[in-house]
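Using this note's numbering, you'd call the opening residue of the sequence shown number 263 and step up by one each time.
Take a look at the structure below.
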Amino acid sequence: MPNRIRRAHTKSRFGCQQCKKRRIKCDFKHPSCGTCVKKGETCSFLQTAPPKHLKITFAGPCSSSPDTPSASSIEDCCSADSEHCTVTVPRRHDTSSPDERDLLPLHARLQDPWKFSQGASPFSLQNVLSHYTHTTSLTIENGDRETAVWQLGIPQIAAGYKFLTHCVLSVTSLHIAYLSRPEEQPKQFNHWNAVAAFQMNQALAGYRHAIEKVTRNNVAAVFASSALTAVYFVRTSVLDFGDLEAAFPLSAAHTSEMAGKMISCIVRTMWGLRGPLEVLMKGWTWIADSSIQPVASRKGWPKMRKPASPLARDEDERLRRIKDLWLQTDRQYGPHSQYLSQALDQLRETYALNSQLLQLGASKDCHGTSVLLDRGAMFSWVTRVAREYIQLVEAQDRDALVILAHFAVLLIRTNTVWWLEGLGTNFVRAIAVALGSEHRKLIEWPAHHAGISLS
263 MPNRIRRAHT KSRFGCQQCK KRRIKCDFKH PSCGTCVKKG ETCSFLQTAP
313 PKHLKITFAG PCSSSPDTPS ASSIEDCCSA DSEHCTVTVP RRHDTSSPDE
363 RDLLPLHARL QDPWKFSQGA SPFSLQNVLS HYTHTTSLTI ENGDRETAVW
413 QLGIPQIAAG YKFLTHCVLS VTSLHIAYLS RPEEQPKQFN HWNAVAAFQM
463 NQALAGYRHA IEKVTRNNVA AVFASSALTA VYFVRTSVLD FGDLEAAFPL
513 SAAHTSEMAG KMISCIVRTM WGLRGPLEVL MKGWTWIADS SIQPVASRKG
563 WPKMRKPASP LARDEDERLR RIKDLWLQTD RQYGPHSQYL SQALDQLRET
613 YALNSQLLQL GASKDCHGTS VLLDRGAMFS WVTRVAREYI QLVEAQDRDA
663 LVILAHFAVL LIRTNTVWWL EGLGTNFVRA IAVALGSEHR KLIEWPAHHA
713 GISLS
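Structure below.
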């Protein structure tokens, strides 16, 4: 990383149209910015605000196989006119031909964030892109500035990079599958997960080529794609855990095989979450001066990381005692002790940061309850730990797994968004299986938070 980092450009490209016209700073409040509310004007953000009651409906069964479908089958099933699958999402127009967009008033066309990308994907996928704009984009990160980037900025960036459009389609398809619920609409659930896999495969082909040569021009697209790919890895990891539990009941004799597959899911997720870090390291100078800067940095985080409440101090002491597992044994002289100690110290810092954000009121939900909403504060641990530590997790090292189980408590506390739902609990369950009955007592506290009985 360069020694000198350019100061981030603070002028936003994503303010509302009214503030841009006045040439004043927009505060990005949704669904209407503060200036427009104060002046009693209709804010352009209202054009992209989701309705209060958003539904995803599916008309009839889908004939598509759960296996990876062809491009034509995806277009057929995603089409608004398809007999198989209908995605009902908020739209400003309902047309059956791309040419009919030209009949819309100019101001209506300009309000479509995907207007620059309409030629980049089949019109049959425009409903999925619309669902991203109105719903999925609001679930990636919290904060008005971050949401503005994901909702309005990403479509503009994707106009020049098909791999980013494919990433958007992939994650949005996962979201639609989640909303369909497997117990209620299993065919739709399998279909949209298959669409997501197909789109991610399409995305990775272009993404791998771009990440080999990150430039000032493509850095925003590469970073956004890496973040969406991380979301994909997290969500599909949860799905894979479900499949494994169905295939290998906990009482089965082949517990070792099940543990290996579960830990592999965890490791894949950890590597996936580190993707954005790789892009940051390659192009931070450019990112800091780009439109995507708000989602890549956290200027408001406290620089000194200390537990900020009595409960946080109790938890820090609990974490500190984990080090006794290797310091009070011959392992303290082993080659892995430094990676274990480093990972634990970083986890304590992450817990402290989360407690500070809660104290600052930066992590309150709409009811005022203390819920960790800044997911970056929690994921920072995964991006900081040494690669050697992740390799210890993959090798099912006891102490590495105990540390990871305590990290999973943060995942459980952040279980407020669809793509993270169940991830922390799955981590703890997998670690319990891998540790075996002899060592499960070492994760009693994480198991309690996960609601898992270790007996």
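C-beta atoms are modelled at their ideal positions from N, C-alpha and C, and glycine is treated no differently.
In this text, all values refer to a predicted model and were calculated from it rather than measured experimentally.
Extent of the continuous alpha helix (DSSP H) run through residue i
i, result
"R675", "660–675"
"E706", "706–712"
"W546", "537–549"
"E303", "Segment: none, E303 is in no alpha helix (DSSP H) and carries neither H nor E."
"P556", "555–558"
"C281", "279–284"
"V500", "481–509"
"R470", "448–473"
"N404", "Neither: N404 is in no alpha helix (DSSP H) and is coded neither H nor E."
"S642", "637–646"
"C288", "Premise fails: C288 is in no alpha helix (DSSP H) and is neither H nor E."
"H396", "388–396"
"H701", "685–701"
"L716", "Where L716 is concerned, there is no enclosing alpha helix (DSSP H), given that its DSSP letter is neither H nor E."
"S718", "No answer is possible for residue 718: it lies beyond the span of the chain, which begins at 263 and ends at 717."
"E650", "649–656"
"P597", "Looking at the DSSP string, P597 is not in any alpha helix (DSSP H), and its letter there is neither H nor E."
"D578", "572–582"
"Q418", "416–420"
"K588", "The residue asked about is misnamed: residue 588 is Trp in this sequence, not Lys. Here the alpha helix (DSSP H) through W588 covers 586–589."
Beta-carbon contacts of residue i that lie in its chain and below 7 angstroms, excluding the five residues immediately before and after
i, result
"E706", "L716"
"G537", "S488, T491, A492"
"L663", "V655, I693, A696, L697"
"L372", "In this prediction, L372 scores a pLDDT of 39, lower than 50, which makes its location untrustworthy; the coordinate-derived value is nonetheless stated afterwards. Taken in chain order, the list of residues that qualify is empty."
Given residue i as reference, the closest of the options once Cα atoms are compared
i, options, result
"V644", "Q450, D586, L535, R675", "L535"
"S552", "Q600, T477, A570", "T477"
"G638", "Q608, I528, A558", "A558"
"W681", "I714, A439, G422", "A439"
"I222", "Y601, P564, K300, H711", "As displayed, the chain neither begins before 263 nor continues past 717, which places residue 222 out of reach and without an answer."
"T434", "E577, A482, S399", "S399"
"A492", "V481, K301, T531", "T531"
"S487", "G596, H471, G698, D502", "H471"
"K561", "I416, D636, A694, Q280", "D636"
"P708", "F495, S699, A694", "A694"
"I525", "T676, A657, V671, G684", "A657"
"G522", "K283, D659, Q279, C281", "D659"
"Q418", "N404, Q464, N480, K475", "N480"
"V647", "N677, V671, E611, T676", "E611"
"S571", "D592, I473, S617", "S617"
"A614", "G415, L573, Q461", "L573"
"E519", "A696, Q280, K301", "A696"
"V679", "L431, N404, Q280", "N404"
"F503", "I714, L431, I528, C288", "I528"
"L539", "L587, W588, S642", "S642"
"L431", "F460, S599, M640", "F460"
Local Cβ density within 10 Å of residue i, reported as buried at 16 or more and exposed below that
i, result
"L387", "buried"
"A489", "buried"
"K449", "buried"
"D661", "buried"
"V299", "exposed"
"T304", "exposed"
"K565", "exposed"
"I286", "exposed"
"E700", "exposed"
"A420", "buried"
"Q590", "exposed"
"K544", "buried"
"N463", "exposed"
Proximal residues to residue i (C-beta, below 6 angstroms), its chain only, five neighbours per side dropped
i, result
"L436", "A458, R497"
"V671", "P708, H711"
"K568", "A614"
Beta-carbon contacts of residue i that lie in its chain and below 8 angstroms, excluding the five residues immediately before and after
i, result
"G468", "Y423, K424, F425, H428"
"D505", "none"
Does the region 650–669 touch the region 548–561, meaning 3 or more C-beta pairs lie closer than 8 angstroms?
-> Because the criterion of three Cβ pairs below 8 angstroms is not met, the region 548–561 and the region 650–669 do not touch.
Tell me, please, whether the region 686–698 touches the region 401–418 by the rule of three or more beta-carbon pairs shorter than 8 angstroms.
-> No: the two stretches stay apart, fewer than three of their Cβ pairs being nearer than 8 angstroms.
contact_flag[the region 393–400, the region 447–466] where n(CB pairs < 8 angstroms) is 3 or more = The answer is no - the region 447–466 does not touch the region 393–400, with fewer than three Cβ pairs under 8 angstroms.
On the three-pair Cβ rule with 8 angstroms, is the region 573–584 touching the region 601–616?
-> Taking a cut-off of 8 angstroms for Cβ pairs, the region 573–584 and the region 601–616 touch, as three or more such pairs fall below it.
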